[in-house]
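Enquirer:
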Amino acid sequence: MKVWPYVLNITETKNVEEIYFFDFGDNKDEACALAISQGKCQFIDGKPNKQTVKITVETKDWIAILSKELMIDEAIADGKLVIEGDDQTLEKFERYFSGDPEGKQVKHDNYSITENEKQLQEGKWTKPRKVLGLIGSPRKRGATAFLYSIIKQGLDDSDCEIDTVYLPDLKNKTCKGCFTCWHGKDKKCVHDDDVNELIHKLHEYDLMILAAPVYLDGLPGALKNFFDRTLSILEPEFILKDGHCRHPVRYPKMPHLVLLSPCGYTEIDNFSPMVEHVKAICKNMHLTYLEEILIPATWIMTIPNLQPLYLPIFEAIKQSGKDIIASGKISEKMKKQITKPIFSKGQILAVYNSRL
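With numbering that gives the first Met the number 0, the residue at position 66 of the sequence shown is 65, and numbering never jumps.
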């Protein structure tokens, strides 16, 4: 019973004055009361000096009622539950102790919905002024950097400020899971490194191009570590967003996100696990997931004597950069052009294996 004050619904009880006395007939030592007053609840060990409601029930029957194994009407009819109060006593009790069903009982001045999320919900688009290109591949001259250089040409043509960060160049310590960023005196990450500085600058950007290759069906380690560290810009409280538990963020705005990803395999479904993971990260971090540019068998595009065959695809990637800035979307025509196969799967396998 001592847990009940923690699940008090503050909104429902802000004007309530009630004292519930529980008489557990089988165990007089466990008799207790819950005193509700103006949105607060106090647990009283033993019988209170006064009461507004008395509930007489054996411990095992009360547990069965709470777990819905024993219906209230049945318990009353069988004499297992005796209520001295009005007809709505238990209905009100359930409402008063319903916790925080809307996720609004939070302490900090924080943001449960950010400006970028509102913008997307309302179907509005504002041209990004500042863009972060975050490259997460450990290979600085690999396919990911190659593709990013192409989409950046489209971004450059759109007259916006672009900061390109090569993540493996940064000091990027592993999250310790210590929660000092939530519960420490200064509420700061214990790691004072490059990544900590970048994380607290994310809100300054309007758009993030996340350039990430598929590594064993997911993000490369440096990027996973980076997103683990973003916990430090969230608040510890739970809120509900779209009926799902989340944390509020400490900044009023976060960037929109576009995923740019190459993969060695030929099938588009190889991107599915990572795409779902990035979408989940966006929901938790209050980023807004706009689009993805997914390019299978990217390595073959980097072979110099084959690149002329891929010029239409490169142009489509470049145009996608322009389109994202202009409208936040990539047209279906561009997507089809980007994923249009030049070689058959059998030809790609033959080329790859011949180069080993």
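By construction, the Cβ of each residue, glycine as well, lies at the ideal position given by its N, Cα and C atoms.
Using 8 Å as the cut-off, can you tell me whether the stretch 247-262 makes contact with the stretch 282-292, which would need three or more C-beta pairs spanning the two stretches below that distance?
Expert: Touching, per the Cβ criterion.
Enquirer: Please confirm whether tryptophan 298 and proline 235 have their CB atoms less than 7 Å apart.
Expert: Along the sequence shown, one-based indexing puts residue 298 at 299. Along the sequence shown, one-based indexing puts residue 235 at 236. Against a cut-off of 7 Å, the Cβ pair of proline 235 and tryptophan 298 comes out as no contact.
Enquirer: What are the boundary residues of the beta strand (DSSP E) that threonine 163 is part of?
Expert: Along the sequence shown, read from residue 1 onward, the residue named residue 163 stands at position 164. Unbroken beta strand (DSSP E) run through threonine 163: 160-165.
Enquirer: Give me the Cα-Cα distance between histidine 246 and isoleucine 232, rounded to the nearest whole angstrom.
Expert: If you number the sequence shown from 1, residue 246 lands on position 247. If you number the sequence shown from 1, residue 232 lands on position 233. Between histidine 246 and isoleucine 232, the C-alpha separation is close to 10 Å.
Enquirer: For leucine 239, which option in Thr265, Ile112, Glu17 and Thr88 has the closest C-alpha, if you only look at C-alpha atoms?
Expert: For the purposes of this step, residue 239 is identified with residue 240 of the sequence shown, where counting begins at 1. Here the closest residue by C-alpha is Ile112.
Enquirer: Would you report the Cα separation of glutamine 87 and aspartate 60, rounded to the nearest angstrom?
Expert: If you number the sequence shown from 1, residue 87 lands on position 88. If you number the sequence shown from 1, residue 60 lands on position 61. The alpha-carbon atoms of glutamine 87 and aspartate 60 are separated by roughly 19 Å.
Enquirer: Is it true that the CB of proline 212 sits closer than 7 Å to the CB of glutamate 114?
Expert: Within the sequence shown, residue 114 is the residue found at index 115, counting from 1. Within the sequence shown, residue 212 is the residue found at index 213, counting from 1. Their beta carbons are not under 7 Å apart, which means glutamate 114 does not touch proline 212 by this criterion.
Enquirer: Quick check on DSSP: helix, strand or coil for glutamine 367?
Expert: Residue 367 falls outside the range modelled here, since the chain spans only 0 to 355, and no answer is possible.
Enquirer: Would you call threonine 125 buried or exposed, if buried means 16 or more other Cβ atoms sit within 10 Å of its Cβ?
Expert: As a working mapping, residue 125 is identified with position 126 in the sequence shown. Classification of threonine 125: exposed, given that the 10 Å Cβ count is below 16.
Enquirer: Considering only the beta carbon of each residue, do leucine 166 and alanine 221 sit closer than 7 Å?
Expert: Within the sequence shown, the letter at position 167 stands for residue 166. Within the sequence shown, the letter at position 222 stands for residue 221. Contact: yes.
Enquirer: Determine the closest residue to methionine 300 out of Ala74, Ile337, Gln118 and Tyr214, with distance taken between C-alpha atoms.
Expert: As a working note, residue 300 is residue 301 in the sequence shown. Ranking the options by Cα distance to methionine 300, first place goes to Ile337.
Enquirer: By Cβ distance, which residues of its chain are closer than 7 Å to isoleucine 149, with the 5 residues on each side in sequence left out?
Expert: Indexing the sequence shown from 1 puts residue 149 at position 150. Counting only Cβ-Cβ distances below 7 Å, and skipping sequence neighbours, we find Phe313, Ile316 and Lys317.
Enquirer: Out of Ile82, Asp185 and Lys282, which has the shortest C-alpha to C-alpha gap to phenylalanine 226?
Expert: For the purposes of this step, residue 226 is identified with residue 227 of the sequence shown, where counting begins at 1. The shortest C-alpha separation from phenylalanine 226 is found at Lys282.
Enquirer: Verify whether the separation of the beta carbon atoms of isoleucine 284 and histidine 202 is less than 7 Å.
Expert: For this step, residue 284 is matched to residue 285 along the sequence shown. For this step, residue 202 is matched to residue 203 along the sequence shown. Note on residue identity: the sequence assigns methionine, not isoleucine, to residue 284. Taking 7 Å as the Cβ cut-off, methionine 284 and histidine 202 do not qualify as a contacting pair.
Enquirer: Can you name the residues that DSSP bridges to threonine 287?
Expert: The residue labelled residue 287 in the question sits at position 288 within the sequence shown. Answer by DSSP bridge pairing, in chain order: His255.
Enquirer: Tell me the DSSP secondary structure of serine 148 in three-state form.
Expert: Residue 148 sits at position 149 when you count from the first residue of the sequence shown. In the structure shown, serine 148 sits in a helix (DSSP, three-state: H, G or I).
Enquirer: Check this for me: beta carbons of lysine 53 and phenylalanine 20, under 7 Å apart or not?
Expert: If you number the sequence shown from 1, residue 53 lands on position 54. If you number the sequence shown from 1, residue 20 lands on position 21. Yes.
Enquirer: Quick one: using the 10 Å Cβ neighbour count with 16 as the cut-off for buried, is glutamine 50 buried or exposed?
Expert: Within the sequence shown, numbered from 1, the residue matching residue 50 stands at position 51. Label assigned to glutamine 50: buried.
Enquirer: Tell me where the alpha helix (DSSP H) around glutamate 357 begins and ends.
Expert: Because the chain in this structure spans residues 0 to 355, residue 357 falls outside the shown range and cannot be described.
Enquirer: In angstroms with no decimal places, state the Cα-to-Cα distance between methionine 273 and isoleucine 208.
Expert: Here residue 273 corresponds to residue number 274 of the sequence shown, with the count starting at 1. Here residue 208 corresponds to residue number 209 of the sequence shown, with the count starting at 1. One C-alpha to the other measures close to 15 Å.
Enquirer: For isoleucine 35, collect the residues of the same chain with a Cβ closer than 6 Å to its Cβ; drop the 5 residues on either side in sequence, then sort them by chain order.
Expert: Here residue 35 refers to the residue found at position 36 when the sequence shown is read from its first residue. The answer, listed in chain order, is Thr12, Val15 and Glu17.
Enquirer: When DSSP labels each residue in this structure, what does cysteine 40 get in the three-state scheme?
Expert: By 1-based counting over the sequence shown, the position of residue 40 is 41. If DSSP states are grouped into helix, strand and coil, cysteine 40 belongs with the strands.
Enquirer: With a Cβ-Cβ cutoff of 7 Å, do asparagine 8 and tyrosine 95 count as a contact?
Expert: As a first step, residue 8 must be located in the sequence shown, where it is residue number 9. As a first step, residue 95 must be located in the sequence shown, where it is residue number 96. For asparagine 8 and tyrosine 95, yes; Cβs fall inside 7 Å.
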